[in-house]
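Worksheet: one structure, shown below.
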Ligand code: ATP
Ligand code: SF4
């Protein structure tokens, strides 16, 4: 069954202008998300994941410049139509971040916050109806006692409950695309698993598409239908989750996989890929992973590997994989 594409990102390049120069945070990034699909953006800190998410949500900071590219949401060029489209609630894209405490105003009860959003976006004015809707959304995110949560201030709730509240608020505008930027990073492992389960259930129940941003390939494997691996602002590899886990092609992806903690090995040392990310103000001419790659060759330093579909639905940017040698 072919599903409709809800989002197309084409050749997106984004710079940050800072005092001492220009940070080339995102370079030539292209990918798509289908209706009801969960796509994960994975990579170490500084790989440009959040910048891509913010660009799609129309929430880039003021010093960001979209140098090139298109963001097409439900068939419309989002960058040129951004202002017009903001008024249509059904076309909405919603973003949630890792720290729910920072998202919720501590001076208001949860009920007041969610009711305000419902009033504004769903254009409901009857207070009874607003309350009913709000409780419905709080129930949808599987909060055990929605009435109590409705009447609580954010500081009266646990981290896991707060993240559920934030997801309920996001859902209350009826988004077609939910961008979740490291939503489980601040939670312990049990709560993390519960929030991932919740997002998977919501995707199934509501058919909402999700762009899930994480530095943890293990988490991506649990939730993602498809995984996109980013490094230094570029896409290195993209495939369906099982394919990427069982047949990783790029040396960077293989390195990330080795960093996933093996929970059955007691006291195993947490691994990381040796070396540091390059200077984003002066990206290397060839492969940007060259200084950290154990398989680097002569060509890697001078020629940039292109992202090619080496296997069916499996793209990779590395000189180890040449189309003519398939
Ligand atoms: P993290 O997981 O640490 O958020 P990330 O993969 O999401 O990493 P981004 O946050 O998109 O990466 O950052 C990409 C690069 O852009 C980094 O080098 C970061 O320091 C830089 N950057 C991000 N925001 C700004 C900003 N407002 N001004 C200047 N540089 C920025
Ligand atoms: Fe390593 Fe070369 Fe592939 Fe880059 S292109 S990942 S340096 S083998």
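In the working numbering, the protein residues as written are 4 to 329. Glycine is no exception: its CB is placed at the ideal position from the N, C-alpha and C atoms.
In whole angstroms, what separates the C-alpha of residue i from that of residue j?
i	j	result
residue 304	residue 238	18 Å
residue 24	residue 176	39 Å
residue 313	residue 131	57 Å
residue 73	residue 36	14 Å
residue 1	residue 284	There is simply no residue 1 to check, as the chain begins at 4 and stops at 329 in what is shown.
residue 209	residue 174	9 Å
residue 319	residue 263	21 Å
residue 231	residue 129	44 Å
residue 291	residue 29	13 Å
residue 242	residue 218	17 Å
residue 225	residue 194	14 Å
residue 7	residue 178	16 Å
residue 249	residue 53	26 Å
residue 93	residue 275	Confidence at residue 93 is low in this model, with a pLDDT of 46, below 50, so the placement of that residue should be treated as unreliable; the coordinate-derived value is given next. Their backbone Cα atoms lie some 42 Å apart in a straight line.
residue 180	residue 301	43 Å
residue 108	residue 220	32 Å
residue 316	residue 245	12 Å
residue 165	residue 144	11 Å
residue 90	residue 76	For residue 90, the predicted structure reports a pLDDT of 46, less than 50, and the residue's modelled location is therefore unreliable. A value from the coordinates is still provided. In a straight line, the C-alpha of residue 90 is about 14 Å away from that of residue 76.
residue 227	residue 260	15 Å
residue 214	residue 58	12 Å
residue 268	residue 251	Annotation note: pLDDT 48 at residue 268 (below 50); position unreliable, coordinate value reported separately. Each residue's alpha carbon lies about 23 Å from the other.
residue 78	residue 96	14 Å
residue 280	residue 325	25 Å
residue 159	residue 152	9 Å
residue 311	residue 235	18 Å
residue 287	residue 296	14 Å
residue 309	residue 49	21 Å
residue 148	residue 169	16 Å
residue 87	residue 186	Legend: pLDDT at residue 87 = 49, less than 50; position of this residue unreliable, value from coordinates given subsequently. Roughly 29 Å separates the two Cα atoms.
Throw me the rounded Cβ distance for the residue i and residue j pair, which I believe falls under 8 Å.
i	j	result
residue 51	residue 98	So it is not a contact: roughly 16 Å between Cβ atoms.
residue 101	residue 18	Actually they do not touch by this definition, with Cβ atoms about 24 Å apart.
residue 278	residue 307	The Cβ separation is near 19 Å, so there is no contact.
residue 41	residue 206	6 Å
residue 212	residue 65	Contact flag wrong, Cβ pair sits at about 28 Å.
residue 141	residue 171	5 Å
residue 202	residue 162	Not really, about 16 Å apart at Cβ, beyond 8 Å.
residue 233	residue 12	The pair is not a contact, with the Cβ atoms about 12 Å apart (cut-off 8 Å).
residue 126	residue 133	Rounded, the Cβ-Cβ distance is 11 Å, inconsistent with contact.
residue 60	residue 216	Actually they are not in contact, since the Cβ atoms of residue 60 and residue 216 sit about 11 Å apart, beyond 8 Å.
Over what stretch of residues does the beta strand (DSSP E) that includes residue i continue unbroken?
i	result
residue 243	237-243
residue 330	In the structure as shown, the chain starts at 4 and stops at 329, and residue 330 therefore has no counterpart that could be examined.
residue 97	96-99
residue 184	180-184
residue 37	24-37
residue 132	No beta strand (DSSP E) contains residue 132, which is instead part of the alpha helix (DSSP H) from 130-143.
residue 72	67-76
residue 304	Unbroken run through residue 304 is the alpha helix (DSSP H), 301-305; no beta strand (DSSP E).
residue 215	212-217
residue 226	That residue, residue 226, is in no beta strand (DSSP E); its alpha helix (DSSP H) goes 220-226.
residue 230	229-234
Just to confirm the assignment, what range does the alpha helix (DSSP H) spanning residue i have?
i	result
residue 255	254-261
residue 56	52-60
residue 106	103-106
residue 189	Unbroken run through residue 189: none, as it is neither H nor E.
residue 164	162-174
residue 150	149-153
residue 125	113-125
Specify which residues have a beta carbon nearer than 6 Å to any heavy atom of ligand 1, listing them in chain order.
-> 19, 21, 26, 28, 46, 48, 49, 50, 51, 52, 53, 54, 64, 66, 218, 283
Spell out a yes or no on whether the segment 245-262 and the segment 60-72 are touching, meaning 3 or more CB-CB pairs, one atom from each, closer than 8 Å.
-> no
Quiz: which residues have CB nearer than 7 Å to ligand 2 non-hydrogen atoms | 253, 254, 255, 290, 292, 293, 296, 298, 299, 300, 303, 308, 321, 322, 323
Could you tell me whether the segment 110-129 touches the segment 194-202, using the rule of 3 or more Cβ pairs below 8 Å?
-> no
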